[in-house]
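Take 3 as the starting number for the sequence shown in my numbering and just add one per residue.
Just so you know, even glycine gets a beta-carbon here, dropped at the ideal spot from N, CA and C.
A quick write-up on the structure given underneath.
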Amino acid sequence: MRRSIRLAVCDDEAPVLSYLTDQIRKEFGKYDLCAEADIFISPVELEKVLREKSYDVYFLDIDMPKMNGLELARILREQREEIPLVFVSAREEYVFQSFEVHPFSFVRKSRFKQDMEKAVCDLSRRFCQENQAFCSIRDEAGRCYELPLADTLYLEARDKYVNVFVQRGQDFYVRNTLSNIEKMLEPEQFVRIHKSFVVNLRAVYAIKYEKVILDNGKELPLGRGRSEEVKRRFCRL
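Dropping the structure here:
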């Protein structure tokens, strides 16, 4: 199964935005990555969705009205320090100014094909490395299970067991309490959203009212009183 990655693409010129998004999808496809892109005609529009949605990488123009790409990048850096930012701009004089927000790459529109190929190649290598990470969890008897961090969607407590649901491969269960398992997980990536559910924040597409929506469309309950913490953690990832 091809891995899906979530993109936000922002440019204030509609024809450029459409072309840019198509080319980015094609480049990721070369590395067997399915790029699911949301497009935004203005940084203000993109900023409005940041509390409820998260993306794996942001492609931003710089020279835009009301709020430019650098201003939006500063907001993104405050929320999620490690998220990859890629500037796509015809204003090459901004390349040094962009260093203050530590972009992953700078794609010059005058050398779009070459620069974009290099940027997507480097991003794909990064995503593949993340996909190889594991976390060890144990059952009550001390048996160890390797949890693939990129493929684990969520964990659900059922009676005396914790069911582990994964994107690829076989779901499995571990005899232990969810509270015990939660302590073994990566604290920056997994969060308790309900008394019976822990979710992988990297698998979350959106948070709406009393539910968490995963990339695959699965909806999980969001417990009363947990909403603000879950949203805060989601935005920081």
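Which one or two residues does DSSP pair with residue i in a beta bridge?
i: Ile209; result: Val214
i: Val46; result: Per DSSP, none; premise fails for Val46.
i: Ser91; result: Arg110
i: Ala10; result: Asp40, Tyr60
i: Ala135; result: For Ala135, which the question treats as bridged, DSSP gives no partner whatsoever.
i: Glu175; result: It should be noted that the sequence gives Tyr, not Glu, for residue 175. Paired residue(s): Asn165.
i: Pro223; result: Lys213
i: Ala145; result: It should be pointed out that residue 145 corresponds to Arg in this sequence rather than to Ala. Paired residues: none, contrary to the question.
So, with DSSP's three-state summary, where would you put residue i?
i: Arg170; result: coil
i: Glu84; result: coil
i: Leu78; result: helix
i: Asp24; result: helix
i: Val59; result: strand
i: Met3; result: Its pLDDT being 44, under 50, Met3 is placed unreliably by the model, and the measurement read from it follows with that caveat. In this structure, Met3 counts as coil in the three-state DSSP scheme.
i: Arg160; result: strand
i: Arg228; result: coil
i: Arg194; result: strand
i: Pro150; result: strand
i: Val201; result: strand
i: Arg234; result: helix
i: Arg127; result: helix
i: Leu52; result: coil
i: Leu187; result: coil
Contact defined as beta carbons within less than 8 Å: I believe residue i pairs with residue j. What is the distance between those atoms, to the nearest angstrom?
i: Glu316; j: Pro45; result: The chain is shown only over 3 to 239; residue 316 falls outside these bounds and no answer can be derived.
i: Gly227; j: Lys197; result: That belief does not hold up - the Cβ atoms of Gly227 and Lys197 are roughly 11 Å apart, past 8 Å.
i: Arg93; j: Arg238; result: That belief does not hold up - the Cβ atoms of Arg93 and Arg238 are roughly 30 Å apart, past 8 Å.
Look at the Cβ atom of residue i, then the Cβ atom of residue j, and state whether they are nearer than 8 Å.
i: Asp173; j: Asn182; result: no
i: Phe199; j: Leu222; result: yes
i: Arg27; j: Ala37; result: yes
i: Asn202; j: Asp141; result: no
i: Glu188; j: Cys137; result: yes
i: Glu49; j: Ile77; result: yes
- [ ] Answer yes if the stretch 59-67 comes into contact with the stretch 84-98, meaning at least three C-beta pairs across the two stretches below 8 Å, and no otherwise.
- [x] yes
- Task: Take every Cβ of the stretch 120-132, pair it with every Cβ of the stretch 156-171, and state whether three or more of those distances are shorter than 8 Å.
- Result: No: the two stretches stay apart, fewer than three of their Cβ pairs being nearer than 8 Å.
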